[in-house]
Each structure stands twice: as C-alpha cells, then as structure tokens.
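In what follows, a structure is listed as structure tokens, so that the remarks can point back to it.
In this note's numbering, the protein residues as written are 34 to 519.
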C-alpha cells in the first residue's frame, strides 16, 4: 500500500508540469484584450503575440527529447520548472512588448518540454495495469491548470486593477512553478532511463520502491533490456527509419487532429469568443470559468474509464461530440450574425462615449441601446455557450485524455523520447498556426472558423475508425511488436 502511495505521489509531482502547462496555456486569454489595447496591436500582431509562446513550445518540444535521454527525465523536468518560474516573473515585470515576447517564448519552452517529458516519465515508472490512468493524470492537471488560470483571471478582473491587471495574471504562475521544481527532488529517476544507461542495479531499486515485487522486478528489467536491444542498438538509434514509420504517422496524425479541432482557439481566446457572441467582458470571464469546470469534470470521467473502455472508444465518442458542437457553434454565428454585430457596435459606442466624456444623459441612452442589443442576442449567445460546453466536454472525454497517453505508448523504448518530441512538435506547430490565425479569421467570420474545425473533425472520425489501433492494457514492450517493430 505504501509503495502504491509513493508511486501515486511521484505521479502527482511530475504531473504538476501539466498543471503549469495548462495554466500557461489559458492565462493569456485574460490578458489579450489589455495587450492589444496597451501595445496598439492589430488582430494579426495580437495573434503573433499569443503565438510567441507557442514558437517557444515548438522549440521546447523538439529539444526536450535529447536532454531527457542524456541527463534523465527527472533532471530535465527540474530545469523546465526553473524556466516556468523565470517566465512568470519576467512576463509580469515586462518593460515593453519585445521583453514580453521574450519571456512568453521562455514559458513556451517549458510548456513544450513538459508536454514531452512529464508523460514519458510517468509512463516509465507506471505498471501497465495503471499506466493509462497515471499518465492521464498529466491531462487532469493540465485541465486543472486551465481552470485555475480562468478562475484566477476572473478574480483579478473583478479587482478592477486597470492597466496592470494583465501583469498580475501572468505573475501568479510563479508560485506553482517554484513548488514543482522543489518537489521533483523527492522523486526517483526513470527505471527505463537507468537501464538504457547501464545502471541496472539502480533501476531494480527504483522498481522495488515503486511497488514491483522481486519476481516482477526481474521480469520488468528483462522486458526493458529486450526492448532496448542493448546488444545491437544504442540509445541514440536513428529515428527516421522505415521501421518506425507507423508510430511516427500515428503520433503526427493524432497531434494534428488535436489542434484542428480548434481547442486552443477556445483556450486562448475564450473571453473574445463569448464577447463576439453578444456577452459583456465581465460575463465572458465568468463563462470561461464554466468552460474550465466542464473540462475538469469530463476529464475526471475520462480518467476513470480510459483503461476500461480504451483509447479508441473514447476517441470515437469525442469525435462525434466535436462534430455536433462545432457545427452548432458555426450555425449560431451565421444565424445570429446581425444580432452579435449590433451588440459589438453598441458596446463600442458606449466605450467611445466614456473615453470622450459625453454627457450622462447621452451615455444613458447608449447604455439602454446596448442593453436592448444584448437582450436581442441572448438566444444566440446561449447556443454558443451550450455548444462550446459540449465541445469542451467532448475534448476532455476524447482527445484531451487520450493524446499524450497514446503517443507515449506507440513508440519503442529506444526512441520514445524522440517520438514524444515529434508528437509534441506537431501538436504545438499546429497550435501556433491556429492561435495566430484565429483572431484574423474570427474578425472576418466566426462562423467560418468553427465550420472549418467541424470539417476537420469529420476527417478525424474517419481516421479513428479506419486507422487508430487500441493500446489499452498492452505492455509497452509488446505494443512495438503489434506495430511491426522487432
């Protein structure tokens, strides 16, 4: 029992990287309005500002695999935690737009690195029967981090701090970042990494400490050694070979579809999307908290069933939910376009009147006009809210719970770090493209953006049905044999 608790504790500590991942992902949603106003950014340059962290994420996802192999998963995670801390403090104290971009880029390095190394580390310390649930704890912490960021943004917004509001939103991330780095010092090194480096005795001790019995330790060591094929392969075995083509294509496909759902358009621009649907800024912040709570609840449900129903069934359910909810969101933006535009025009008139010092009687008339416009758009705004809640639930139950588990499972030990890095690179490259382009496309037509995402999810559904294998309950060393890798 004690060993099982230790395993779970190590998993929670490593998964704090996921919490920081989620917080850093979502915190920008509360700041982008202020950043656009303070720095005078167009929609294009606002998208670039949001994407600056994602450029760092791409670099981090590519670069993380090498130090994870050389110095170990745990040491790499500690370094990632330090980067998170510096990014949070630096972003809060940024002295101009360029310095903000620099510190957001540094935070992106951390997000990319943690998306690769945290699930890899957890997969390598977990027994096969618990692996899906334990690796998916990273996803739980990601969505918990998203919820905490939305809630933190909501609370800070309620304080009416004005132009410094965005600095506080960025700065609070420093506290979990410091805790992450310190707690990692209490966790063990990965047994698979130790075996790959010839430190078999240390690997035995770690496996025993994690709850594997004596016979199980010997069997686990043999399986790791067989999969590494230490007599004929080095840890730096060439990655882009025909023998690894199938897992490479699987990882690239699931990561690409993950972002073509538009999930991070919602994460980065949730308040903007709700204001586009006729909701005021304060109410929009509140609705993002509801989105975060829905995400958390359905992720918890998915965690409970991922090893029972398997990865493929969750992806099927999630894909269908994606299609229905995204199509409904697009329909709402097309159908209620005039009502939404009336709210935007009335809101702009009120803000302009406040800036120019228009007399109270005139402002009262403008406020009354805004209230009428909001009432007229309420039905469409409700459709958008409900549809996006179904969307986030579908993501949490499908792609969100499955992607990092699946990518960590399909690659053999000797190239797993680089396979994780490739999957993460693809994920974040597509995320950067979506986040950069969304403000521009949404300014043109919100309906077009969500209709495109719905079409992409139809393609994902076909891929899940025809191509995606089931990896539920299969030891990592046996999955590679199923994929034709000997």
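Glycine included, C-beta positions come from ideal geometry on N, C-alpha and C. None of the values given here were measured: they were computed from a predicted structure.
- Classified as exposed, residue 511 has fewer than 16 neighbouring CB atoms from the shown chains inside 10 Å of its CB.
- For residue 147, the enclosing alpha helix (DSSP H) has its first and last residue at 130–158.
- Looking only at 457, 63, 112 and 376, the smallest Cα-Cα distance to residue 179 is reached by 63.
- Listed in chain order, the non-local C-beta contacts of residue 175 below 6 Å within the same chain comprise 51, 54 and 55, local neighbours out to five positions each way being set aside.
- For residue 129, the number of other beta carbons within 10 angstroms of its own is below 16, and it is reported as exposed.
- In the DSSP annotation of this structure, the continuous segment of the alpha helix (DSSP H) that includes residue 328 starts and ends at 314–342.
- Here residue 193 carries a coil assignment [DSSP, helix/strand/coil].
- With fewer than 16 other beta carbons inside 10 angstroms of its own, residue 515 counts as exposed.
- In this structure, the beta-carbon distance from residue 113 to residue 48 does not fall below 8 Å.
- Minimum Cα-Cα distance from residue 229 among the listed residues 148, 317, 104 and 194 corresponds to 104.
- Within the same chain, 100, 101 and 150 come within 6 Å of residue 109 by CB-CB distance, once the 5 residues on both sides are set aside.
- Taking residue 343 as reference, the option from 473, 407 and 436 with the minimal CA-CA separation is 436.
- Take residue 325, set aside five residues on each side of it, and the residues of its chain with a beta-carbon closer than 6 Å to its own are 179, 180 and 183, in chain order.
- Of all alpha-carbon atoms in 214, 190 and 213, the one lying nearest the alpha-carbon of residue 316 is that of 190.
- Two segments are said to touch when three or more pairs of C-beta atoms, one from each, lie closer than 8 Å; by this definition the segment 345–365 touches the segment 423–435.
- Straight through space, the alpha carbons of residue 322 and residue 83 are spaced by roughly 20 Å.
- Scanning its chain for C-beta atoms nearer than 6 Å, with the 5 sequence neighbours on each side dropped, one finds around residue 185 the residues 205, in chain order.
- The segment 69–82 makes no contact with the segment 437–449; the number of CB pairs closer than 8 Å stays below 3.
- Residue 160 and residue 220 have their C-alpha atoms roughly 16 Å apart.
- Burial check for residue 70: the Cβ neighbour count within 10 Å stays below 16, so the residue is exposed.
- Remark: C-beta atoms of residue 276 and residue 518 approach each other more closely than 8 Å.
- Assigned with DSSP and collapsed to three states, residue 491 falls in helix.
- Pairwise C-beta distances place the segment 234–243 out of contact with the segment 475–495, as fewer than three of them are shorter than 8 Å.
- Straight-line measurement puts the Cα of residue 427 at about 21 Å from the Cα of residue 459.
- Residue 136 sits close to residue 124, with the two beta carbons spaced by under 8 Å.
- About 12 Å separates the Cβ atoms of residue 158 and residue 45, ruling out a contact at the 8 Å cut-off.
- Straight through space, the alpha carbons of residue 301 and residue 481 are spaced by roughly 18 Å.
- Following the DSSP letters along the chain, one finds residue 90 inside the alpha helix (DSSP H) bounded by residues 76–96.
- Here residue 280 has 443, 444, 452 and 516 as same chain residues with Cβ atoms under 7 Å from its own Cβ, once five neighbours each way along the sequence are excluded.
- Under the DSSP assignment, residue 446 falls outside any alpha helix (DSSP H); it carries neither an H nor an E label.
- Contact annotation: the segment 305–313 touches the segment 410–418, with at least three C-beta pairs closer than 8 Å.
- Looking only at 122, 66, 475 and 418, the smallest Cα-Cα distance to residue 327 is reached by 418.
- Nearest in C-alpha terms to residue 170, of all of 89, 88 and 329, is 329.
- Annotation for residue 285: the continuous alpha helix (DSSP H) segment containing it runs 278–293.
- In the three-state DSSP reduction, residue 440 falls in the helix class (H, G or I).
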